[in-house]
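K.L.:
Dropping a structure here in structure tokens format, bear with me for questions.
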Amino acid sequence: MKTSTILAASAVILGSLLSAPSGWSQMTWSAPVSISGDSDVSTTGLLTYAYVFGGTGSVTSQTVNGVTFSPFAIPGQESGSLTVGNATLSATEFNWNVTSSDQAPYANLSSDYQGLLGENAFSHGGALTLTLGGLTAGQTYEVQIWINNSFNSAVNYSATVSDGSQGSSAVSGNTSGQIGGLGQYVIGVVTLGGEQTDLQLTLSPVSADAGVNAVQIRAVPEPGVISCALVGSAVVGWMALRRARRSTVS
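Structure, rendered in structure tokens:
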């Protein structure tokens, strides 16, 4: 996992754990990060599940940076909602589209990462809602979402991603505006409330349509684990400093 992904994940995990009161669910978002390579895919904590979106008969399972994304297949034009496993997409109207390209920098990605970003789910003019179910109340989760369209520079499926609380993150589907250009991913961390077992994310279109290529959700250490680790690190550092000072004096 690359440094920017590690830093983004670490910052939002720590921020979420330190700021969220018990029993209250609020997502803490990182800044969006430009797509660059396999190490974009976070391996923090333990994988709960992951999905790659696309069309029935074309979208297939992809494994990137050791994380396996199961196919979320969309038959065609849909209205209402569609559930695959623990994930549900819903919108007034939604469909899937091709978002791949034979142009660089998209063409320079690994074949598996191209497969992860080569199709998407998108809404027609309105918001796209993604509900992640089957979760554990009180657990802290990291969510990573990718938005990319390298196929058509005129429609990039950029969206503002929110969990309905005060936080949100605007994610670009093509930062260069060129065919073959790449989009971004964003990481959010949330500690679920005492009875909450699902998480609802809203992708609101920046222009015409909102899209999503892939999502993963990972269980990360609970606040007590993080706190103990931080305290332990501080104690070790203090002891090392004390020994160094004694050595200097002697």
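Its first residue numbered 154, the sequence shown is counted upward by one per residue in this note's numbering. Note that the Cβ used here is the ideal one computed from N, Cα and C, for glycine as well.
#1: DSSP three-state call for Gly268: helix, strand or coil?
#2: According to DSSP, Pro224 sits in a beta bridge with which residue or residues?
#3: Decide if Ser214 is buried, meaning its Cβ has at least 16 other Cβ atoms within 10 Å, or exposed.
#4: Would you mind reading off the limits of the beta strand (DSSP E) that contains Thr216?
#5: What span of residues does the beta strand (DSSP E) with Gly233 cover, start to end?
#6: Check each candidate in Leu235, Ile188 and Thr252 and name the one with the smallest Cα separation from Thr245.
#7: Compute the distance between the beta-carbons of Asp316 and Leu354, then report whether it is under 7 Å.
#8: When burial is assigned at 16 or more other CB atoms within 10 Å of the CB, is Gln106 buried or exposed?
#9: Reducing DSSP to helix, strand and coil, say where Tyr338 ends up.
#10: With distances taken Cα to Cα, identify the nearest neighbour of Ser321 among Asn309, Leu335, Val308 and Val342.
#11: Tell me which residues share the same chain as Leu352 and place their Cβ nearer than 6 Å to its Cβ, disregarding the 5 neighbours each side in the sequence.
#12: If you follow the beta strand (DSSP E) that Phe247 is part of, which residue opens it and which one closes it?
#13: Does the region 242 to 256 come within contact of the region 287 to 299, defined as at least 3 CB pairs closer than 8 Å?
#14: Do Ile188 and Leu335 count as a contact pair if the criterion is CB distance below 7 Å?
#15: Can you tell me the Cα-Cα spacing of Leu345 and Ser192, whole angstroms?
#16: Since Phe275 sits in a beta bridge, which residues does DSSP pair it with?
#17: For Pro224 and Gly268, what's the separation of their Cα atoms in angstroms?
P.N.:
According to the data block:
#1: helix
#2: Val205
#3: exposed
#4: Gln215 to Val217
#5: Glu231 to Val237
#6: Leu235
#7: yes
#8: Lying outside 154 to 403, the shown extent of the chain, residue 106 is not represented and no answer is given.
#9: strand
#10: Val342
#11: Leu285
#12: Ala240 to Val251
#13: no
#14: yes
#15: 27 Å
#16: Asn248 and Gly364
#17: 11 Å
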